[in-house]
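*Asks:* The working numbering numbers the first residue of the sequence shown as 1 and each following residue consecutively.
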Amino acid sequence: MRASGILMHVTSLPGPNGIGAMGKEAYKFLDFLEQAGQSYWQILPLSPTGYGDSPYQSFSAFAGNPYLIDLESLVEENLLRREEVDAIAWDREPNRVDYGILYDNRSKILYKAYERFLGMPNRAFHQFCQEQTDWLPDYALFMALKEEFRGADWQTWPDGLRLRQPAALQEYREKLKYQIAFQYFLQFKFFQQWKKLRAYAAGKSIRIIGDVPIYVPLDSADVWANYELFQLDENRRPRKVAGCPPDAFTADGQLWGNPLYNWDKMRQTGYSWWLRRLSAAAKMYDVIRLDHFRGFESYWAVPAEDDTAKNGSWLPGPGWDFISTIRRQLPSLEFIAEDLGYLTPEVRKLQKDSGYPGMKVLEFAFDSREPSDYLPHRYTTDSVCYTGTHDNMTMQQWFDEAKPDDVAYAKEYMGLNDEEGYVWGMIRGGMSSVSDLFVAQMQDYLTLGGEARMNFPGTVSNKNWTWRAEAGQITPELAEKIRAMTHLYGRDQVI
1 MRASGILMHV TSLPGPNGIG AMGKEAYKFL DFLEQAGQSY WQILPLSPTG YGDSPYQSFS
61 AFAGNPYLID LESLVEENLL RREEVDAIAW DREPNRVDYG ILYDNRSKIL YKAYERFLGM
121 PNRAFHQFCQ EQTDWLPDYA LFMALKEEFR GADWQTWPDG LRLRQPAALQ EYREKLKYQI
181 AFQYFLQFKF FQQWKKLRAY AAGKSIRIIG DVPIYVPLDS ADVWANYELF QLDENRRPRK
241 VAGCPPDAFT ADGQLWGNPL YNWDKMRQTG YSWWLRRLSA AAKMYDVIRL DHFRGFESYW
301 AVPAEDDTAK NGSWLPGPGW DFISTIRRQL PSLEFIAEDL GYLTPEVRKL QKDSGYPGMK
361 VLEFAFDSRE PSDYLPHRYT TDSVCYTGTH DNMTMQQWFD EAKPDDVAYA KEYMGLNDEE
421 GYVWGMIRGG MSSVSDLFVA QMQDYLTLGG EARMNFPGTV SNKNWTWRAE AGQITPELAE
481 KIRAMTHLYG RDQVI
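1. Where do the N-terminal and C-terminal ends of the beta strand (DSSP E) with Tyr299 fall, by residue?
2. Report the three-state DSSP secondary structure of Ile69 (helix, strand or coil).
3. How many whole angstroms separate the CB atoms of Gln501 and Thr49, which I take to be in contact at a CB cut-off of 8 Å?
4. Please state the DSSP three-state secondary structure of Thr496.
5. If distances are taken between C-alpha atoms only, which option among Ile19, Thr447, Arg237 and Tyr356 comes closest to Arg162?
6. In angstroms with no decimal places, state the Cα-to-Cα distance between Gly388 and Ala201.
7. Buried or exposed: Leu13, going by 16 or more other Cβ atoms within 10 Å of its Cβ?
8. Between the Cα of Tyr215 and the Cα atoms of Arg173, Ala301, Gly151 and Thr133, which residue gives the shortest distance?
9. Mapping DSSP to helix, strand and coil, what is Ile495?
10. Met284: buried (16+ other C-beta within 10 angstroms of its C-beta) or exposed?
11. Figure out for me which residue from Ile482, Asp406, Ile19 and Arg294 has the closest Cα to the Cα of Gln35.
12. Return the CA-CA distance between Leu102 and Lys189, expressed in angstroms with no decimal places.
13. Give the DSSP-derived three-state secondary structure of Pro137 in the structure shown.
14. For Lys411 and Cys129, what's the separation of their Cα atoms in angstroms?
15. For the structure I just gave you, are there three or more beta carbon pairs, one from the region 396 to 414 and one from the region 466 to 476, closer than 8 Å?
16. Mind the definition here: the region 221 to 240 touches the region 135 to 155 only if three or more C-beta pairs lie below 8 Å; say whether that holds.
17. Is the beta carbon of Phe364 sitting closer than 8 Å to the one on Ser4?
18. Just to confirm the assignment: which complete beta strand (DSSP E) runs, minimum length 3, are found wholly within the region 153 to 219?
19. Following the continuous alpha helix (DSSP H) through Pro274, name the residue where it begins and the one where it ends.
20. Terminal residues of the continuous alpha helix (DSSP H) containing Ala484?
21. Between Lys240 and Leu275, what straight-line distance do the alpha-carbon atoms span, to the nearest angstrom?
22. Please classify Thr11: is it buried, with 16 or more other beta-carbons within 10 angstroms of its beta-carbon, or exposed?
23. My output table needs one value for Gly5: the three-state DSSP class, helix, strand or coil.
24. By Cβ distance below 7 Å, which residues in the same chain neighbour Ala26 in space, the five residues on each side in sequence not counted?
25. Helix, strand or coil: which one does DSSP assign to Ala242?
26. Are the CB atoms of Gln231 and Asn262 within a distance shorter than 8 Å?
27. For my contact list, Glu148 and Leu110 are in at a C-beta cut-off of 8 Å; report their separation, rounded to the angstrom.
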């Protein structure tokens with residue numbers, strides 16, 4: 001079935017209080033998607049953001065991001081007072097998330113909501129806590145300890161806590177009871193609001209595509225509580241870390257720094273941690289984008305002491321044993337394989353054997369030096385076509401900054417013209433492709449330039465992960481324009 005969707009992270013929604021959240025603007029965006037004939041809303045990971053405010057560097061693979069809790073809903077529940085919310089200047093720029101303001105103020109105001117919540121007996125809260133015992137106790141203690149030690153990495157904590165000695169853990173569970181319970185409250189509210197929003201999407205026949213990063217960061221509850229599943233030494237320091245090898249764009253490669261999985265140990269446990277992780281994701285999303293799929297075939301391992309990725313080496317991943325386990329144990333899950341990057345015949349075979357559709361990115365298609373696999377005439381139906389991803393330029397930025405020969409190639413291939421606009425012509429090319437699913441970034445439908453780019457890979461700055469749509473940009477007129485093109489190429493919802 002041909003379909004289409006829009007990629008826009010929750011944080012990028014307009015609205016009050018400094019960041020897109022699971023409130024009225026999220027519901028309005030789902031209304032917009034329905035009006036535009038779209039069947040999918042693709043988002044980035046919903047986990048709590050850590051270093052660099054990246055949703056791909058999270059303190060937990062299971063938890064939800066408290067920044068996304070809608071404060072307006074808490075006001076309606078009498079957990080917050082209007083004047084408390086309005087007393088904080090949340091925005092410096094209406095089209096940017098200011099994570100510094102959020103870091104300084106969000107927990108403070110959510111603590112106020114928590115204090116009022118304590119006086120409201122809630123059976124649903126206790127049931128939620130009982131249902132999340134496989135990850136929530138460790139996560140809540142981890143976050144309470146980070147608060148206690150002023151955000152310090154767990155590897156700098158006292159040895160009793162760093163090494164998870166039972167007496168030390170019990171001591172701090174008692175000492176930090178209040179802070180631990182606060183973390184339970186935050187997760188309860190996050191999942192309560194997300195469940196309601198997802199039900200609204202389902203009522204409009206809109207499916208949500210979520211993202212599961214292949215790696216978790218070292219400073220996470222996942223590594224701290226499951227250290228034996230990672231390539232750590234006897235002091236729980238990484239032996240090798242994740243990255244990408246050098247290529248034509250980066251002479252030193254990309255050093256991500258994430259700890260690598262101990263795949264032998266994972267295999268001995270039947271991949272139970274991964275199965276729990278994917279089961280949890282399935283409760284949040286309808287389709288899961290499986291990040292860095294090639295890393296399951298083989299992965300680039302860099303000595304932990306290195307400051308670039310160039311001295312790494314390829315090591316075998318879990319391969320078909322892992323993929324077949326997922327297919328057998330979680331047969332109803334739907335995936336998209338993020339099969340971008342350096343692809344060997346072995347990676348291509350694993351993706352084909354998995355049955356998961358791969359990704360085609362139009363921005364990668366028009367290299368005037370050689371034919372590309374991303375040219376639409378090379379697509380197959382079992383694929384997902386994107387204008388670009390969160391790691392790429394916006395389409396308008398690509399036209400502004402790409403080599404003139406590449407732009408000329410795109411204009412000739414796509415039949416682009418000034419009257420339609422180059423960006424909309426590229427969207428038309430994706431819509432008309434044979435790929436079962438087409439996804440465009442919201443920034444591309446708004447024809448925004450480099451100022452609206454979501455992420456610059458390999459950098460840490462206040463430009464990353466901060467773009468927000470402004471009030472009034474996402475209009476009924478835009479919905480109708482999108483719907484007309486979606487209908488023209490047989491991808492629209494039937495209402």
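By construction, the Cβ of each residue, glycine as well, lies at the ideal position given by its N, Cα and C atoms. Small disclaimer: the values here were computed from a predicted structure and weren't measured.
*Replies:* According to the structure data:
1. DSSP places Tyr299 inside the beta strand (DSSP E), whose first and last residues are Ser298 to Pro303.
2. In the three-state DSSP reduction, Ile69 falls in the coil class, being neither helix nor strand.
3. For residue 501 there is no data in the structure shown, the boundaries of the chain being 1 and 495.
4. Summary: the structure shown does not reach residue 496, with the chain confined to residues 1 through 495, and so no result is reported for it.
5. Here the closest residue by C-alpha is Arg237.
6. Going from the Cα of Gly388 to the Cα of Ala201 covers about 24 Å.
7. So Leu13 counts as buried.
8. Ranking Arg173, Ala301, Gly151 and Thr133 by Cα distance to Tyr215 puts Ala301 first.
9. Low confidence applies here, because Ile495 scores a pLDDT of 47, under 50, leaving its location unreliable and the question unanswered by this model.
10. Answer is buried; the Cβ neighbour count reaches 16.
11. Ranked by Cα distance from Gln35, the options Ile482, Asp406, Ile19 and Arg294 are led by Ile482.
12. Cα to Cα, the separation comes out at about 17 Å.
13. Reduced to three states, the DSSP call for Pro137 is helix.
14. The alpha-carbon atoms of Lys411 and Cys129 are separated by roughly 55 Å.
15. Not touching, per the Cβ criterion.
16. The region 221 to 240 is in contact with the region 135 to 155.
17. No, these two residues do not count as a Cβ contact at 8 Å.
18. The qualifying runs are 207 to 212.
19. Note on residue identity: the sequence assigns Trp, not Pro, to residue 274. It spans Ser272 to Ala282 - the alpha helix (DSSP H) in which Trp274 sits, taken as one unbroken run.
20. In the DSSP annotation of this structure, the continuous segment of the alpha helix (DSSP H) that includes Ala484 starts and ends at Pro476 to Leu488.
21. CA-CA distance, Lys240 to Leu275, rounds to 24 Å.
22. Label assigned to Thr11: buried.
23. Reduced to three states, the DSSP call for Gly5 is strand.
24. Closer than 7 Å at the Cβ level, and outside the excluded window around Ala26, lie Val10, Leu13 and Leu197.
25. In the structure shown, Ala242 sits in a strand (DSSP, three-state: E or B).
26. Result yes, Cβ atoms of Asn262 and Gln231 sit closer than 8 Å.
27. The pair is not a contact, with the Cβ atoms about 17 Å apart (cut-off 8 Å).
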